[in-house]
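Residue numbers (full-length UniProt numbering): 1 to 161.
Yeah, the Cβ is synthetic: ideal placement off N, Cα and C, and Gly gets one too.
Computed from a predicted structure; not experimentally measured.
A quick write-up on the structure given underneath.
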């Protein structure tokens, strides 16, 4: 089943790596959350609420959210907003480490912190962190090119979508 999937990532630092994932040829379904640099600059000029409105619009109709995790992803304000809004919508969530994907210069990056460590649900008086609930994979080591569609499907089913 094709899934409409939102991709969350640190645009300035990881757009090239995210493009490698998007254009891998193995992805099934509609891809939301990708924007070219000129469009991104235009949205940014309009301010915080315009960015949040754009994110909310992109999340409409999605069943899954894939957080592409680079070196600084967990620190990004809008990645946090995207994770929070995805969870509120009941999207299936998963993370994919992309630090080993080469950038435009052929360089890799350092592994970043899991952004799911920043969010939790309250259950029976305890904090259950998203990192305990939602899986993460490594694009290179876990063969994301072949497995991303399966990971997305698994996350959607786990969320009941």
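- Inter-residue distance for residue 155 and residue 91 is about 8 Å (C-alpha atoms, whole angstroms).
- Annotation: the continuous beta strand (DSSP E) that includes residue 122 extends over 120 to 123.
- With the rule of 3 Cβ pairs closer than 8 Å, the region 118 to 133 counts as touching the region 78 to 96.
- With a cutoff of 8 Å on beta-carbon distance, residue 85 and residue 55 are scored as near each other.
- Between residue 64 and residue 13 a beta carbon distance of about 23 Å is seen, past the 8 Å cut, so the two are scored as non-contacting.
- When only Cα atoms are considered, residue 127 and residue 39 end up about 38 Å apart.
- Per DSSP, the unbroken beta strand (DSSP E) holding residue 126 starts and ends at 126 to 129.
- In the DSSP secondary-structure assignment, residue 92 is bridged to 64.
- Judged by beta-carbon spacing, residue 5 lies within the 8 Å limit of residue 152, meaning their Cβ atoms are closer than that value.
- Membership of residue 9 in any alpha helix (DSSP H) is not indicated, and neither H nor E is assigned to it by DSSP.
- Residue 138: not part of any alpha helix (DSSP H); member of the beta strand (DSSP E) spanning 136 to 138, first to last residue.
- The Cβ atoms of residue 21 and residue 98 sit closer than 8 Å to each other.
- Beta-bridge annotation (DSSP): residue 133 is not paired with any residue.
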